[in-house]
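Comments concern the structure below.
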Amino acid sequence: MTIQHPQTSVPAAQLYDHDFYLWLEETARLLRNGELAKLDIENLLEEIEGMSRSAKQAVESNLEVVLMHLLKYQYQPKRRSNSWRFTLLEHRSRLSKDFGDSPSLRSHFAQTFNKSYQQARKLAAAETGLPIETFPPDSPFTSEQTLNEDYLPE
123 MTIQHPQTSV PAAQLYDHDF YLWLEETARL LRNGELAKLD IENLLEEIEG
173 MSRSAKQAVE SNLEVVLMHL LKYQYQPKRR SNSWRFTLLE HRSRLSKDFG
223 DSPSLRSHFA QTFNKSYQQA RKLAAAETGL PIETFPPDSP FTSEQTLNED
273 YLPE
């Protein structure tokens, strides 16, 4: 199939690489019209799987930021700042929004919690200049504390 558009006349299979925005528009149109046989299934699957990976990576990234700042907050009490509190609030809010939009991401949060803590521990050590051994090998924070916008370690 060839897409007839004022700006291009490209076979559907090549449209993905030629004009991504037009490919998205055309894919949406084909889906709306039930023209499933004309879909570029290979690239559509790639995009859907990519969206899934991106959602999981966002959870991991936000979790690492929260855990790192909780560690800094706990182990550097004299350096506590509104900036740290704002960062905690912002990234907890992002996680909350992600879980509101996609509740099934909570299971990924639980699965990645320990791995994310290990990364946060490394990041906290690098950012603070403190030896990594300063921070416990296992998270001193529960998943509930991590997500609780009112929780700050003392």
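Residue numbers (this note's numbering): 123 to 276. C-beta: ideal position from N, C-alpha, C; glycine also.
Linking L274 to T264 through their CA atoms gives a straight-line distance of about 12 angstroms.
If you check the CB distance, F257 and Y197 come in under 8 angstroms. In this structure the segment 211-230 touches the segment 175-183; the number of beta carbon pairs closer than 8 angstroms is three or more. For K200, the number of other beta carbons within 10 angstroms of its own is below 16, and it is reported as exposed. Runs of the alpha helix (DSSP H) lying entirely within the segment 180-258, each at least 4 residues long, are 204-223 and 227-250 in chain order.
Within the model, the alpha-carbon separation for A248 versus V187 is close to 13 angstroms. Contact between the segment 239-248 and the segment 208-223 is absent: fewer than 3 CB-CB pairs across the two stretches fall below 8 angstroms.
Relative to the Cα of L144, the nearest Cα in the group G156, L158 and D162 belongs to D162.
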